[in-house]
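Q: This is the structure I have questions about; it appears just below.
Numbering (the numbering used here), first residue to last: -9 to 563.
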């Protein structure tokens, strides 16, 4: 680990000595965790709060030696708080393995003041926190720009964990799993959910609200970035900056697209200030967003970064956002790769997922990419989408062949076309939460077909997702607290991770099944709107993008009752 820390560059000074020690945990190896912008942001947000100092923990599978912090080599028990940043469902087993290897009782109800307070947040827990709920003292849900400072303030004044729980229960964003009892029906739905102490003695439903952060407050907080640069990451020594949050397009499979509505951009000048500060330390910058080119100042940003002589990386580009100017600026910055996501070569199936562009438009954009001088093209496809047929799979293969033909004409070089094919996984709080996972045997057959017809070409680099991992991820994203107990059995060596899906019953939209386990969360997205979009998907009807206007009530997120300010809640407490 010393080799990692010795090669790191810190952009802004870190507070390394203060009253309360916080261990910020990423449940994966260093190279993965330090590639994650959310992990960097949590670390930065906590250590810039007076009273707290942060150290990092990472998880290595099969590690026999005691887990120690990266900075000082302390054990997890030496910290007041352990804060887990959980971005992916497949990291759930590692969270439990970390607790066990750290010598901590895994269940939250077994831990008292002798142990660190175990707190967690991150994208995977906003999708569905229930599989990890029995093991976490506090789950922070929603957008963290105001959540973390308010939580830390409450922690400083509480004095003990019981008082802290009392102060947090009922506030937007704070989920204390031990304050709720949950019972499930045989179909994985919620049969009964009731408050228990320290929950409030009220009749209102035990629901955790996660109101969206208004655009002005988000902009004032400033864009998240990685304060620590490391060569030992996927984005080696690259400044990563989130330039906007949310996406207006409404792709029906995309959880982040619905969760972070409406689309909100960070001020361009704040982004450029960070770039200027980091430029003496790196010439690489990555602009992060689910809809990068939807930023209102994207052309100005790219031009300014190009003038600073940055090599500019962008997240996956949407077909409708690509133009010659953007591609030229990317190419002139020295970046050689662009990623596009057709998802499928079937135009009717693409309308099912709410993408309306045609194959002709895809081919035109591919020609623009190669004409700009960009040599490496990566394409993302899915298989197992609702309603997919063998003809749809053939349409995807046909589109790839046509794209390969354009590459041959435009770029007679050794650069290969990169194709990624992953199984479609239904996600909570999307219209496709009502869809089943395609049978594993079908997914495997489709994967074999992609490998057979593309893998033999020296001009194509094929990356196929794991069907086994997809099945596990599906169960974890749809799972309950019972799923969590099975995970504990896996971490304890009593159950194989391969056997978990067979032992679990994920929620599915069947008659007689109660609300899904993730209905403990509410950020304003209306259930009937998801139903409408699921119906539109089955009809192949395309829905217009989110208008992003304050008076819109289409999905419910921007309705007045959904936009409670945490500052208003703070003033009441």
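Every residue, glycine too, gets a C-beta built ideally from N, C-alpha and C.
1) Suppose you measure from the CA of residue 256 to the CA of residue 469; what does that come to, to the nearest Å?
2) Just the C-alpha distance for residue 372 and residue 433, rounded to the nearest angstrom, thanks.
3) Alpha carbon to alpha carbon, how far is residue 180 from residue 275?
4) Among 346, 338, 364 and 407, whose alpha-carbon lies nearest the alpha-carbon of residue 379?
5) Taking just the CA atoms, how far does residue 132 sit from residue 203?
6) Run through the DSSP bridge pairs and tell me what residue 184 is partnered with.
7) How about residue 280 and residue 307: are their beta carbons less than 8 Å apart?
8) Entirely within the stretch 426 to 490 and at least 3 residues each: give me those beta strand (DSSP E) ranges in chain order.
9) Anyone know if the C-beta pair for residue 254 and residue 208 falls short of 8 Å?
10) Helix, strand or coil for residue 136? Go by DSSP, reduced to three states.
11) Give a yes or no on whether 8 Å exceeds the smallest Cβ distance from residue 254 to chain B.
12) Is DSSP giving residue 509 helix, strand or coil here?
13) Using only the alpha-carbon positions, how far apart do residue 336 and residue 376 sit?
14) Of all the beta strand (DSSP E) runs that stay within the bounds of the stretch 51 to 99, which reach a length of 3 or more residues?
15) For residue 460, which residues in the same chain have their Cβ closer than 6 Å to its Cβ, ignoring the five residues on either side in sequence?
16) Taking the alpha-carbon positions, what's the residue 440 to residue 410 distance?
17) Report the option in 68, 363, 0 and 343 whose CA atom is closest to the CA atom of residue 319.
18) From residue 269 to residue 259, what distance separates their C-alpha atoms?
19) Along the beta strand (DSSP E) that carries residue 408, what are the first and last residues, could you check?
20) What's the call for residue 517, buried or exposed, on a 16-neighbour Cβ count within 10 Å?
21) What span of residues does the beta strand (DSSP E) with residue 331 cover, start to end?
22) Tell me the DSSP secondary structure of residue 21 in three-state form.
23) Would you report the Cα separation of residue 24 and residue 529, rounded to the nearest angstrom?
24) Touch check for the stretch 110 to 119 and the stretch 74 to 88: three-plus C-beta pairs under 8 Å?
25) Between the C-alpha atoms of residue 109 and residue 357, what's the straight-line distance to the nearest angstrom?
26) Taking DSSP as the reference, what is the three-state secondary structure of residue -8?
27) With DSSP as the reference, label residue 165 as helix, strand or coil.
28) DSSP three-state call for residue 104: helix, strand or coil?
29) Could you give the uninterrupted runs of the alpha helix (DSSP H) lying entirely in the stretch 234 to 293, keeping only those of 4 residues or more?
30) What are the start and end residues of the beta strand (DSSP E) that includes residue 15?
31) If distances are taken between C-alpha atoms only, which option among 478, 272, 366 and 66 comes closest to residue 449?
32) Going by beta carbon distance, what residues of the same chain come within less than 7 Å of residue 452, once the five residues before and after it are set aside?
33) With 16 other CB atoms within 10 Å as the buried threshold, where does residue 285 fall?
34) Report the rounded CA-to-CA distance for residue 211 versus residue 103, giving the unit in angstroms.
35) Using CA atoms only, rank isn't needed, just tell me which of 541, 342 and 186 is closest to residue 526.
36) Kindly give me the distance between the Cβ atoms of residue 19 and residue 47, rounded to whole angstroms, as I take these residues to be in contact under 8 Å.
A: On the basis of the coordinates in this document:
1) As a first step, residue 256 must be located in the chain shown, where it is residue number 266. As a first step, residue 469 must be located in the chain shown, where it is residue number 479. Whole-angstrom Cα-Cα distance: 34 Å.
2) As a position in the chain shown, residue 372 is number 382, starting the count at 1. As a position in the chain shown, residue 433 is number 443, starting the count at 1. Roughly 10 Å between the two C-alpha positions.
3) For this step, residue 180 is matched to residue 190 along the chain shown. For this step, residue 275 is matched to residue 285 along the chain shown. The C-alpha of residue 180 lies about 45 Å from the C-alpha of residue 275.
4) As a first step, residue 379 must be located in the chain shown, where it is residue number 389. Checking every option, the nearest Cα to that of residue 379 belongs to 338.
5) Position 213 of the chain shown holds residue 203. Position 142 of the chain shown holds residue 132. Approximately 8 Å between the Cα atoms of the pair.
6) By 1-based counting over the chain shown, the position of residue 184 is 194. According to DSSP, residue 184 bridges with 171.
7) Locating residue 280 in the chain shown gives position 290, counting from the first residue. Locating residue 307 in the chain shown gives position 317, counting from the first residue. The answer is no: Cβ separation not under 8 Å.
8) 450 to 454
9) The count along the chain shown starts at 1 and reaches residue 254 at position 264. The count along the chain shown starts at 1 and reaches residue 208 at position 218. Their beta carbons are under 8 Å apart, which means residue 254 touches residue 208 by this criterion.
10) Against the chain shown, residue 136 aligns to sequence position 146. Note: residue 136 maps to helix in three-state DSSP.
11) No chain B is part of this structure, which consists of one protein chain only.
12) Here residue 509 refers to the residue found at position 519 when the chain shown is read from its first residue. In the structure shown, residue 509 sits in a helix (DSSP, three-state: H, G or I).
13) The count along the chain shown starts at 1 and reaches residue 336 at position 346. The count along the chain shown starts at 1 and reaches residue 376 at position 386. Between the C-alpha atoms of residue 336 and residue 376 there is a straight-line separation of about 12 Å.
14) Every beta strand (DSSP E) of 3 residues or more that sits fully in the stretch 51 to 99 is shown, in chain order, as 71 to 75.
15) Reading the chain shown from its first residue, position 470 is the one you call residue 460. In its chain, beyond the 5 residues on either side, 413 and 415 have a beta carbon closer than 6 Å to the beta carbon of residue 460.
16) Against the chain shown, residue 440 aligns to sequence position 450. Against the chain shown, residue 410 aligns to sequence position 420. Distance between the alpha carbons of residue 440 and residue 410: 10 Å.
17) Locating residue 319 in the chain shown gives position 329, where the first residue counts as 1. Minimum Cα distance to residue 319 is reached at 363.
18) Taking the first residue of the chain shown as 1, we reach residue 269 at position 279. Taking the first residue of the chain shown as 1, we reach residue 259 at position 269. Distance between the alpha carbons of residue 269 and residue 259 is about 15 Å.
19) Locating residue 408 in the chain shown gives position 418, counting from the first residue. It spans 407 to 413 - the beta strand (DSSP E) in which residue 408 sits, taken as one unbroken run.
20) Against the chain shown, residue 517 aligns to sequence position 527. Burial call: exposed.
21) Taking the chain shown and counting its residues from 1, one reaches residue 331 at position 341. Residues 327 to 333.
22) What you label residue 21 is simply residue 31 of the chain shown in a count that begins at 1. If DSSP states are grouped into helix, strand and coil, residue 21 belongs with the helices.
23) Taking the first residue of the chain shown as 1, we reach residue 24 at position 34. Taking the first residue of the chain shown as 1, we reach residue 529 at position 539. Rounded to the nearest angstrom, the two C-alpha atoms are 43 Å apart.
24) yes
25) Taking the first residue of the chain shown as 1, we reach residue 109 at position 119. Taking the first residue of the chain shown as 1, we reach residue 357 at position 367. If I take the Cα positions, the gap works out to 48 Å.
26) Residue numbering aside, residue -8 sits at position 2 when the chain shown is read from its first letter. DSSP places residue -8 in helix when its eight states are reduced to three.
27) Residue mapping note: residue 165 aligns to position 175 of the chain shown, counting from 1. Per DSSP, reduced to three states, the secondary structure at residue 165 is strand.
28) As a working mapping, residue 104 is identified with position 114 in the chain shown. Residue state, collapsed to three classes: coil.
29) 245 to 249 and 258 to 268
30) As a position in the chain shown, residue 15 is number 25, starting the count at 1. Note, residue 15: beta strand (DSSP E), 10 to 16.
31) Within the chain shown, the letter at position 459 stands for residue 449. Nearest C-alpha to residue 449: 366.
32) Counting from one through the chain shown, the residue named residue 452 turns up at place 462. Closer than 7 Å at the Cβ level, and outside the excluded window around residue 452, lie 409, 440, 441, 444 and 445.
33) Reading the chain shown from its first residue, position 295 is the one you call residue 285. By the 10 Å Cβ count, residue 285 comes out buried.
34) Along the chain shown, one-based indexing puts residue 211 at 221. Along the chain shown, one-based indexing puts residue 103 at 113. Approximately 33 Å between the Cα atoms of the pair.
35) Looking up residue 526 in the chain shown gives position 536. With distances taken between Cα atoms, residue 526 lies closest to 342.
36) Indexing the chain shown from 1 puts residue 19 at position 29. Indexing the chain shown from 1 puts residue 47 at position 57. The Cβ separation is near 11 Å, so there is no contact.
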